[in-house]
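Here the structure comes first, spelled out in structure tokens, and everything after it is commentary.
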Amino acid sequence: MNRNEAEQKLKQLFGFDRFYDDQWKTIEHTLKGERMLLIERTGYGKSLCYQFPATQFKGLTVVFSPLIALMRDQIKKLNELGIPARCINSEQDDTENEAIIKGANEGKLKLLYIAPERQENEKWIDATRSMNLSMVVIDEAHCISVWGHDFRPAFRRIISLVKLLPAGFPVLATTATATRRVEQDIVQQMGGSTVSIRGNLVRPNFRLRVVKVKSEEEKMVWLGKRLEQIPGTGIIYTGTRVNTEIYSRWLEYLKISSVNYNAGLDASSRKEIEDGLLNDRWKCVVATNALGMGIDKPDIRFIIHTQIPASLIHYYQEIGRAGRDGQPTYLLLFYHEDDKSLPEAFIDGGRPSPQKYQRVIEALKAAPMGEREIMKATNLTRNQVRTIKADLIEQKIINEVKSGKLKKYEYRYRAPALNTAAFEELRKAKIADLDKMIEYVHSKQCRMKMLCDYLGDLASSKCGECDNDLGKSVTITVDKDWKEKVEAFRSEYFPMLEVASSRTNLLNGVAGSYYGVSAVGAAIHRSKYEHGGDFPDFLLKTTLKAFRKFFGKEKFDLILYVPPTESGDLVKNFAAKLSSALGVSISHKLKKVKATKPQKVFQNSLLKSDNVAGAFDYRPASDINGKSILVIDDIFDSGATMKEIGKLLTELGATKIAPLVIAKTVGGDVTRL
Amino acid sequence: MTEKKEIPYLIALTHSSQLRIEQINALLVKILHEKQSTLEAFFQGAPDSWKKDFSLDEKELDGVKAAKGELPNSSFLTEDLLEQGYEVISLYSTEYSKTLKENLKMKSSPPILYVKGNKQILREDSIAIVGSRDASDKSLQFTDNIAKRASQQYKVVVSGFAKGVDKQALDSALKYKGHSIIVLPQGIMTFDSGMNKYYTQIIEGDVLVLSTFFPKAPWSVQLAMGRNPVIYGLAKNIYVAESGHEGGTWSGVMNGLGKGRTIYVRMPEPGESNANLALIEKGATPVDFNGEVLEREVGRVSEQMGEYKIEAKSVEKPAKQSKGKKRKRGKKKAEKDDTQLDLV
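Chains as they are written, first to last, in the working numbering: chain A, 495 to 1167; chain B, 97 to 440.
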């Protein structure tokens, strides 16, 4: 097929008149059965480079994509064009996925989108035995490389697959963001004969700005004063889950419509927010970088970072989602010099210590285990276990095997010793990436050129639109008025404790403060661990305030408190003071019937739940039956204790159980986006 | 080692071409040995060149075409297989068991061994112990004796992972700190429970799990029968603890004798209703409870064996050279034995 013939078909099938040169070059190679890597900016039209060939092949094209939102968008569009395409993913139930696989087996589909993790699924692998396969596509191919900004272990298996696919079988990998180093790494992993095509990365409609601030407060004030002046809708990226909540509540406080989004939300809430974003339901979505890749909204008018990303490639990738329609788009990066401590913490905490790796290895030498069993055997967090097992698989120390429906991990015969040199090399590379990001903040040169240079597009020239090129800089003044607004907001800001479930009569509770971000943590610590006496009165005041704001309209019959593990009568005395302040009677009959360890020694929620399971009792039940109960504790961490007490009190007939604590920890938030 | 890239081709050719093992092996010789080429290069060729350069007939050509059509699918399977820590050894790999190749020849050596565990075991001296699923205590004790002796002599015990003698052979070998090969009657990826049960022994290098079938094939009678020649083939010496007059052990021994192999059968005690004696009459070599060949130690045997004293004594020469005579003598005894059985 020559270009002319192909473009006639393009017109019939997709309605476009012609291909861009790089598109046609890619398609031409692909149709010949070659392996390709295509690096083009977001919005260029990379997907056409596999969608078109897919319509020309006899069999099925399998597209590995990590982004469910993107799969959904593309499938909708393809189906509208009458091209049979479907996806299988974890958000659809088994019956639906199986029906789609059946369709693929019967040759009814041209494209099938799947998440890379699916390669670990037995049913999928079995299904591939009878599919007529014509092409494999790897979307977001930068996830293949550990030198990229978003390495994902699931892609390791995709690369193993590509290496095993027969010669002459077309494979296309696409990405918008790959430095020269990442590009070489991908090409080398896909096989030396892979042809790489790289396009221009300049986004001429981007208005890049850096806003240097002296405090978190200045960021809040700038947003309060100026956000509504930016036309259209957009995204604010924060560094942590807690900050998505705080910034979104701040905007809400100022009556600016917003919603917070992070990976802690369930799938349906996330989808709802993604849909809302597409339909401009809010001025902005405040999110961690869990939102974004693959959101196909052409007119995101601004992206604001309240926290510096870990590298320029992260930054380019995250802002790349904005302004696909080519209209002027604002990209603001706030920077306070303390901000770099968060990405530094990510880098340092990115890998558990070698001793923790050894703990997993020793556990697996004794018996094959699933992820939960490893967590229980090693007292490591889920994230630590996931990182460790991905590395151990990569280093061929353990295997992931299927045992019935479960995934198990087994030690490998003659496994090599753990190689930590590779981790250190990666750590150094990440520090260098972060340094470059900070250099961007302070740089006086064209920001777009700096981004493009870093990404390996050396041909770009000045954009003429960034703050440096225009000789402008964005500044903030915090007047008294705004200072008071921020203070008022902070004094009324109370973290929510999400424990409500359909199985118990627990309500979501409230905390007086976050443990780590205020004087509250230090005060609790003094009382608890430094013989500082009762919790000070200001904690009582904050907690009462939180109660009034959150539960002001609720009626309570009884106050209970969590019996102590190691801090004596602190919580009891605190609860007694609350009882007299609120005029609700207190009971001391909630007892511990099993010795428990302090929850903080357990690193994961499975062990925390085990620790408190069946640990409490209350007699007589008649005190509880039909009552509305407030349960007091000092610190709320995983929620396991509250949930256990909620379960007990529900069984005893409580109609309503509301948790109220002095502080909620944020510990996990640094590593959980 | 078999190069990873070649594995999907090998799997497709072995399991999707519908060709006989002999045809597959002959083609592999041509491609890899005579032409010093690779399967990748071969499969990229056109049917014309397959026909011309490799002189394939029409049926073989169809087989290769069918295999080619399955290549991408085979790649998916291979990725999953390797990811789970299974390894693939091709007939042309230096890791392939030399004993197996010598015993089964080109005609029936499996083109692929799927394994997990310590591959070095394939290079070690080996014996197999076979017998019924519902063997007597005496047979199990014999199995234990043989496994003990083998383990002490650093010989690997090959067995088939069935109940009875197979299981005893494996467990005894491990009990005496020996090495063992489990030859599966199924595809290697369907053996979860066994992998879990022998986990420690596998990761410590005492056990090699081996299958020659399509990795996802479930257990079947057909595969169980098909595995017997592999057990016999992997072993330098074969010991039979107990055989019935039909079934897997019987046909396996008959097959082995037909190929001219020496097979040691436990000399039964009077009153045992198994077919051990019948096998000895068919030409198998009788051994005592500890696996000692009876012909060679006539004196001791005569003491132990009582009733068989005269027959045992009358054996004049070592087993290999006396096949003809032994068979004749054996025949008489088998008839007698059969008669007895009929009466029972």
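Every residue, glycine too, gets a C-beta built ideally from N, C-alpha and C. Treat the numbers as computed from the prediction; the structure is a model and nothing was measured.
Taking Cβ-Cβ distances below 7 Å as the criterion, which residues of the stretch 147-174 of chain B are in contact with chain A? Residues passing the 7 Å Cβ filter: 167, 168, 169, 171, 172, 173 and 174.
Taking just the CA atoms, how far does residue 890/A sit from residue 950/A? Rounded to the nearest angstrom, the two C-alpha atoms are 32 Å apart.
Express the C-alpha separation of residue 303/B and residue 277/B in angstroms, rounding to a whole number. Rounded to the nearest angstrom, the two C-alpha atoms are 6 Å apart.
In this structure, does DSSP put residue 942/A in helix, strand or coil? Secondary structure at residue 942/A: helix, using DSSP grouped into helix, strand and coil.
Run through chain B and tell me which residues come within less than 7 Å of residue 659/A, C-beta to C-beta. Neighbours of residue 659/A on chain B, chain order: 168 and 171.
Please state the DSSP three-state secondary structure of residue 126/B. Reduced to three states, the DSSP call for residue 126/B is helix.
Per DSSP, which residues does residue 903/A bridge with? Please list them. 863/A and 894/A, per the DSSP bridge assignment.
Look at the alpha carbon of residue 618/A and the alpha carbon of residue 595/A, and state the distance between them as a whole number of angstroms. Rounded to the nearest angstrom, the two C-alpha atoms are 8 Å apart.
Is it true that the CB of residue 905/A sits closer than 8 Å to the CB of residue 887/A? In this structure, residue 905/A does not lie closer than 8 Å to residue 887/A by Cβ.
Would you please state the rounded distance, in angstroms, between the beta carbons of residue 1006/A and residue 1033/A? I believe it to be under 8 Å. Rounded to the nearest angstrom, the Cβ distance from residue 1006/A to residue 1033/A is 6 Å, consistent with a contact under 8 Å.
Could you tell me whether any Cβ in chain A is nearer than 8 Å to the Cβ of residue 176/B? Yes, its Cβ sits closer than 8 Å to a Cβ of chain A.
Does the beta carbon of residue 394/B come closer than 8 Å to any beta carbon on chain A? Low local confidence applies: a pLDDT of 40 at residue 394/B is under 50, so the model's placement there is unreliable, and no value is given.
How far does the alpha helix (DSSP H) with residue 1021/A in it reach, from first residue to last? Its alpha helix (DSSP H) spans residues 1013-1023.
Can you tell me the Cα-Cα spacing of residue 306/B and residue 636/A, whole angstroms? C-alpha separation (whole angstroms): 38 Å.
Euclidean distance between Cα positions of residue 559/A and residue 111/B: Answer to the nearest angstrom: the Cα atoms are 31 Å apart.
Work out the CA separation of residue 868/A and residue 841/A for me, nearest whole Å. Counting only the Cα atoms, residue 868/A lies some 24 Å from residue 841/A.
What in chain A is Cβ-close to residue 220/B, meaning under 9 Å? What residue 220/B touches in chain A: nothing, since even the nearest Cβ is about 15 Å away.
How close, in whole Å, do the beta carbons of residue 214/B and residue 907/A come, if the pair is a contact with beta carbons under 8 Å? Taking C-beta atoms under 8 Å as the contact rule, residue 214/B and residue 907/A qualify, at a distance of about 6 Å.
Identify the continuous alpha helix (DSSP H) that holds residue 579/A and give its terminal residues. Boundaries for residue 579/A: no alpha helix (DSSP H) harbours it, while the beta strand (DSSP E) harbouring it runs 579-582, taken from the DSSP string.
What's the gap between the Cα of residue 632/A and the Cα of residue 359/B? So the two alpha carbons sit approximately 56 Å from each other.
Using the three-state DSSP reduction, which class does residue 847/A fall into: helix, strand or coil? DSSP places residue 847/A in coil when its eight states are reduced to three.
Rounded Cβ spacing between residue 1127/A and residue 1078/A (contact assumed at less than 8 Å): With a Cβ gap of about 16 Å, residue 1127/A and residue 1078/A do not count as contacting.
For residue 544/A, which residues in the same chain have their Cβ closer than 6 Å to its Cβ, ignoring the five residues on either side in sequence? Excluding positions up to five away in sequence, the list reads 631 and 666.
Three CB pairs or more closer than 8 Å across the stretch 710-719 of chain A and the stretch 545-559 of chain A: Counting C-beta pairs closer than 8 Å gives fewer than three between the stretch 710-719 of chain A and the stretch 545-559 of chain A, which falls short of the contact rule.
To be precise: take each residue of the stretch 844-872 of chain A, compare its Cβ to all Cβ atoms of chain B, and keep it if any distance is under 9 Å. Which residues remain? Correct list: 858, 859, 860, 861 and 862.
To which residues of the same chain is residue 104/B closer than 7 Å at the C-beta, ignoring the five residues directly before and after it? Non-local C-beta neighbours of residue 104/B in its own chain, meaning closer than 7 Å and more than five positions away in sequence, comprise 167, 170, 171 and 174, ordered along the chain.
Determine, using beta carbons only, whether residue 277/B comes closer than 8 Å to chain A. Chain A contact via Cβ: absent.
Using a beta-carbon distance below 8 Å, is residue 1038/A in contact with chain B? Nearest CB-CB separation between residue 1038/A and chain B: not below the 8 Å threshold.
So which residues of chain B does residue 622/A contact, with C-beta pairs closer than 7 Å? Residues of chain B passing the Cβ test: 169 and 172.
Return the residue from the list 599/A, 514/A, 510/A and 524/A that minimises the CA-CA distance to residue 495/A. Here the closest residue by C-alpha is 524/A.
With respect to the beta strand (DSSP E) encompassing residue 712/A, which residues constitute its N-terminal and C-terminal limits? Taken as a continuous stretch (DSSP letters only), residue 712/A belongs to no beta strand (DSSP E), being part of the alpha helix (DSSP H) at 710-720.
Own chain residues within Cβ distance below 7 Å of residue 741/A, not counting five before or after: Taking C-beta separations shorter than 7 Å and ignoring five residues to either side along the sequence, the partners of residue 741/A in its chain run 730, 732, 780 and 800, following chain order.
Rounded to whole angstroms, what is the Cα-Cα separation between residue 1053/A and residue 1124/A? The alpha-carbon atoms of residue 1053/A and residue 1124/A are separated by roughly 5 Å.
Interface flag, residue 893/A vs chain B, CB-CB below 8 Å: It does: the Cβ of residue 893/A has a partner Cβ on chain B nearer than 8 Å.
Label residue 415/B either buried or exposed according to how many other C-beta atoms from any shown protein chain fall within 10 Å of its C-beta, with 16 as the threshold for buried. Residue placement at residue 415/B cannot be trusted, given a pLDDT of 39 that sits under 50; what the coordinates show is reported in the next sentence. Residue environment: residue 415/B is assigned as buried (16 or more neighbouring CB atoms within 10 Å of its CB, all protein chains considered).
From 1063/A, 816/A, 794/A and 516/A, pick the residue whose C-alpha is nearest to that of residue 775/A; which is it? The candidate whose alpha carbon is nearest that of residue 775/A is 794/A.
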